[in-house]
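Sequential numbering of the sequence shown, starting at -2, is according to my numbering. Even glycine gets a Cβ: it sits at the ideal position worked out from N, Cα and C. Bear in mind the structure is a predicted one, so any value in this text is a computation, not a measurement. Here the structure comes first, spelled out in structure tokens, and everything after it is commentary.
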Amino acid sequence: MNEEILQKNLDNIQSDFDLFGTRVDKLSMKDRIGFAPISIWEPDWTKVKQLKAIIGDSAQSRTIKATGNNRLGRVELTHEYGFQPTASVFNPHLAQMILSAYCPPNAKIYDPFAGGGTRGLIASAMGHVYYGVEIRQEEVDRLEKQKVSLGKDFFLACGDAQEYPHKENFFDFSYTCPPYYNLEIYSDLPSDMSNAKTYDQFLSMLKNCVGGVYRGLKKGCLSVWVVGNFRDKSGVLTHLNGDLARIAKEVGFKLHDELIFWGASKSAVQRCGQFEANRKSVRVHEYILIFKK
-2 MNEEILQKNL
8 DNIQSDFDLF
18 GTRVDKLSMK
28 DRIGFAPISI
38 WEPDWTKVKQ
48 LKAIIGDSAQ
58 SRTIKATGNN
68 RLGRVELTHE
78 YGFQPTASVF
88 NPHLAQMILS
98 AYCPPNAKIY
108 DPFAGGGTRG
118 LIASAMGHVY
128 YGVEIRQEEV
138 DRLEKQKVSL
148 GKDFFLACGD
158 AQEYPHKENF
168 FDFSYTCPPY
178 YNLEIYSDLP
188 SDMSNAKTYD
198 QFLSMLKNCV
208 GGVYRGLKKG
218 CLSVWVVGNF
228 RDKSGVLTHL
238 NGDLARIAKE
248 VGFKLHDELI
258 FWGASKSAVQ
268 RCGQFEANRK
278 SVRVHEYILI
288 FKK
């Protein structure tokens, strides 16, 4: 993996030398992490393209059983049964941005939803030790092969993140992206959160996972969650962002920060023509919630 495009971190101070050979430290945040730490983040699409080519996760090997409304970052797949489902692919530059801004160097990182592998591969490339939990054995098997082909290593456990499988007070950082209720149904497993019968049941299952993250982190450490609000099958807007913040508070977290990630491609704007008919805006952003233990 091309290391040059990954070596940014809040704790690193880069230096230049002037004409007289005197070291000059670069102290601006943009120099240190590669972007301005304002409340709205946008990816560098050149870096996104580079990182996607390196990582190779286009979701082509994962079968999505069914889908609902679009969420950001999806790619189209051709299903063996004749229809075209879509699968979310985590933005690799967003993973780099999160780690650069919020993760301490050489951290032990926990991810309760490790499917896709992007967060594990980026974390490994940036020198961290990543521990991920993924409920689907076939996805774990795919990621084991993928990390070998890329020369990276991280830990994967096939299991249910509702039943926290690691030591308590062990991790330095956590970042993840949970399922968006039943917009994508990943498997037939009853413990798969995307198979929850109701949204309330889904939130209860999600709370178990958030509680596991809380127990796993050391005191004072951060947990970053990328989520978006979405419309259910009847068109009603579901405020997953707010529900997650409430759940995190209930298990003991403090809301440390909230960012907006504008990560939709320019093609999303083409759907604006539907607004006159339904008076529903085209959603082009997700939220980045940062919790502190």
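The bridge partners DSSP lists for Ser171 are Tyr107, Ser220. A Cβ-Cβ separation of about 5 Å places Phe87 in contact with Gly113 under the 8 Å criterion. Residue state for Gly270 is assigned as helix, using DSSP reduced to three classes. The beta carbon of Cys206 lies closer than 6 Å to those of Pro109, Ala158, Gln159 in the same chain, with the five residues before and after it left out. In the three-state reduction of the DSSP assignment, Gly117 falls in the helix class, which pools H, G and I. Per DSSP, the unbroken beta strand (DSSP E) holding Glu131 starts and ends at 126 to 131.
Taken atom to atom, the span from the alpha-carbon of Tyr99 to that of Ile35 is near 13 Å. In this structure, the beta-carbon distance from Tyr177 to Phe258 does not fall below 7 Å.
Its Cα nearest to that of Lys27, the residue Ser97 stands out among Thr43, Cys174, Ser97, Asp254. An exposed status is given to Asp150, since fewer than 16 other beta-carbon atoms sit within 10 Å of its beta-carbon.
The same chain holds no residue with a CB closer than 7 Å to that of Arg243 once the five nearest residues on each side in sequence are set aside.
Sequence-distant partners of Ser231 (beyond 5 residues in either direction) whose C-beta falls short of 7 Å from its own C-beta are missing from its chain.
Pairing Ile106 with Ala120 gives a Cβ-Cβ distance under 7 Å. In this structure, the alpha-carbon of Phe152 lies about 19 Å from that of Lys215. When rounded, the separation of the alpha-carbon atoms in Ala33 and Glu141 is 35 Å. Minimum Cα-Cα distance from Tyr161 among the listed residues Thr195, Gly213, Pro187, Glu135 corresponds to Gly213.
Within its own chain, the residues whose Cβ lies closer than 6 Å to the Cβ of Asn166, once the five positions on either side in sequence are excluded, are Lys215, listed in chain order. In summary, Lys290 is buried, with 16 or more beta-carbon neighbours lying within 10 Å of its beta-carbon over all protein chains present. Inclusion of Leu48 and Pro89 in the CB contact set at 7 Å is warranted, their separation being smaller than that value.
With at least 16 other beta carbons inside 10 angstroms of its own, Ala104 counts as buried. In this structure, DSSP gives Lys149 a state outside helix and strand, which the three-state scheme calls coil. Shown here, Arg139 sits in a helix according to DSSP, grouped into three states. Here Val248 is not near Tyr172, since their CB atoms are 7 Å or more apart. Annotation for Ile35: no beta strand (DSSP E) segment contains it, and DSSP assigns it neither H nor E. When beta bridges are read from the DSSP output, Thr19 appears opposite no residue.
DSSP, reduced to helix, strand and coil, places Leu186 outside both helices and strands of the structure shown, so it counts as coil.
The continuous alpha helix (DSSP H) containing His90 extends over residues 89 to 99.
Spanning the alpha carbons of Arg116 and Glu273 requires a straight line of approximately 38 Å.
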